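Take 749 as the starting number for the sequence shown in my numbering and just add one per residue. Written out below as structure tokens is the structure these notes cover.
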Amino acid sequence: MSHIRCRWLAIALLCLPPCAPSAANTVEIDRNGQVLELQIYAADAQASIRRWADHVADALTLVYGHWPRDRWRMRVYTIGTADARELDSSRDVIPWAQVNRGTVDTVTFYVLAGASTEQLNANWTGYHELAHLLIPYRGWGDMWFSEGLASYYQNLLQVRAGQLSEQQMWQKLYEGFERGLADTAFDGIPLSRVSRNLRQNGGYMRVYWSGVRYFLDIDHRLRQESGGAQSLDTSLTDLNACCADKSMSVPQMVERLDALTNTTVFSAEYQRYRSSTTLPDYRALFVSLGLIILDGKIELADNTPGARLRSGFAIAP
Ligand SMILES: [Zn+2]
């Protein structure tokens, strides 16, 4: 079993499992024969957590039309004693989470006690962590690929679930790319090496947003070259159909994705990105999608070929 840790902040604030309530309230949620085992370790706030879990788990179906695995688990611990009325919008109500891959994939969340369903739904971490399950990644190597996928899809899942407008989604992607471009400490060093040394040396924005740029690039090209018949969604759906129960490295996945799409785009771009020495600029791609950047704000142009292509990203296939 391997795991991916996404959130490193606020670790000192955590009530880790030994001090959490030992008994879980477990329910099994069935969606067309697939089962989510939801374990909630909390003295109260069970109803708000249950509604949030339903919401993000439903969002995860907005790529294939179903969950990535026939059986999977969400484990939720509450930390702190905050009252929802004391939690202003600047508080990160999900300070830590991780994905453990195994026979049954488990996504563990630590949420602030007292957080409302609305606050939890508005937090990106839930969508991000569940999006990790969209590929049968074994949990080590090429972290830029895994984190890029989750960071890309956290935005697509939010817009498809009605949590963000289309403008807000592109605004978030724009702001992320700007953070990535501003993270210049390791410019000149190949992405593969920055990614490998991420935890020791940092460079998170360069690594994560290079990965997002890779997936946006591929999604755009697949949609454009197939007239909308293919996309990253359809590619991952096919990968899930063949390989959901496998444990694959990133080179194995890109090779399989090329075969499934009858293209070479996944492996060619994989090689290009892993040797990239700075985050590739995104602006020409935004222009081609009818996205106008004005004083740091994204405006959506209508009535252009790019705008019609762009609208597909926000819609579940
Ligand atoms: Zn992550």
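Note that CB positions come from ideal geometry on N, CA and C, so glycine has one too. Just so it is clear, the structure is predicted and the values come from calculations on it, not from any experiment.
- Query: Alpha carbon to alpha carbon, how far is P1053 from D778?
  - Reply: 41 Å
Below 7 Å, is the gap between the Cβ of H876 and the nearest heavy atom of ligand 1? yes
**Prompt:** What are the boundary residues of the beta strand (DSSP E) that W1067 is part of?
**Reply:** Since the first residue shown for the chain is 749 and the last is 1065, residue 1067 is missing from the structure and cannot be characterised.
### Message
Determine whether the beta carbon atoms of L1008 and L987 lie at a separation below 8 Å.
### Response
yes
N- and C-terminal bounds of the beta strand (DSSP E) containing W815: W815 -> no beta strand (DSSP E), and no H or E assigned at all.
* Going by the CB atoms, is the gap between F934 and R961 shorter than 8 Å? -> no
What did DSSP end up calling F857 once you bin it into helix, strand or coil?
strand
(message) As a quick exercise: from K1045, S1036, D965, T985, pick the residue whose alpha carbon is nearest that of V1013.
(response) Residue nearest to V1013 within the set K1045, S1036, D965, T985 is D965 (criterion: CA-CA distance).
message: Quick check on V824: does DSSP put it in helix, strand or coil?
response: It is a strand residue.
### Reference N871; option with closest CA among N903, S1024, L881
N903
Can you name, in chain order, every residue of its own chain whose Cβ lies under 6 Å from the Cβ of E776, other than the five neighbours on each side? V783, E785
query = For the region 843-854 against the region 905-916, are there 3 or more C-beta pairs whose distance is under 8 Å?
reply = Contact fails: fewer than three Cβ-Cβ distances are below 8 Å.
Neighbourhood of V1035 by C-beta, 6 Å cutoff - its chain only, sequence neighbours within 5 removed
none
**Study point:** Length of the line joining the Cα atoms of R823 and Y952
**Key:** 26 Å
How about H968 and L897: are their beta carbons less than 8 Å apart? no
key: Secondary structure of Q1019, DSSP reduced to three states   = Note: Q1019 maps to helix in three-state DSSP.
Practice prompt. Name the one or two DSSP bridge partners that M996 has.
Written response: Y885
Please say whether L1057 and L1042 have beta carbons closer to each other than 8 Å?
no
Exercise. Assign R971 to one of two classes, buried (16 or more other C-beta atoms within 10 Å of its C-beta) or exposed (fewer than that).
Key: buried
Measure the C-alpha to C-alpha separation of W815 and L808 and round it to an integer number of angstroms. 6 Å
| request: Work out the CA separation of Q919 and A931 for me, nearest whole Å. | output: For the sequence presented, residue 931 should be read as Asp rather than Ala. In a straight line, the C-alpha of D931 is about 19 Å away from that of Q919.
Exercise. Does the region 1024-1032 come close enough to the region 863-878 to have 3 or more Cβ pairs within less than 8 Å?
Worked result: no
* With respect to 7 Å, is the separation between the Cβ of E895 and the closest non-hydrogen atom of ligand 1 below this value? -> yes
Task: Beta bridge counterpart(s) of R779 as assigned by DSSP - done: Q782
### Message
Going by beta-carbon coordinates alone, are P843 and A992 separated by less than 8 Å?
### Response
no
Beta carbon of Y922, beta carbon of F963: below 8 Å? no
| message | With H, G and I counted as helix, E and B as strand and the rest as coil, what does DSSP make of I1046? | response | In this structure, I1046 counts as strand in the three-state DSSP scheme.
Q: Taking only the alpha-carbon atoms, compute the straight-line gap between S1023 and S974 and give it to the nearest angstrom.
A: 27 Å
So is N1010 buried or exposed if we call it buried at 16+ other beta carbons inside 10 Å? exposed
message: Can you tell me whether S894 is buried or exposed? The criterion is at least 16 other CB atoms within 10 Å of its CB, across all chains shown.
response: buried
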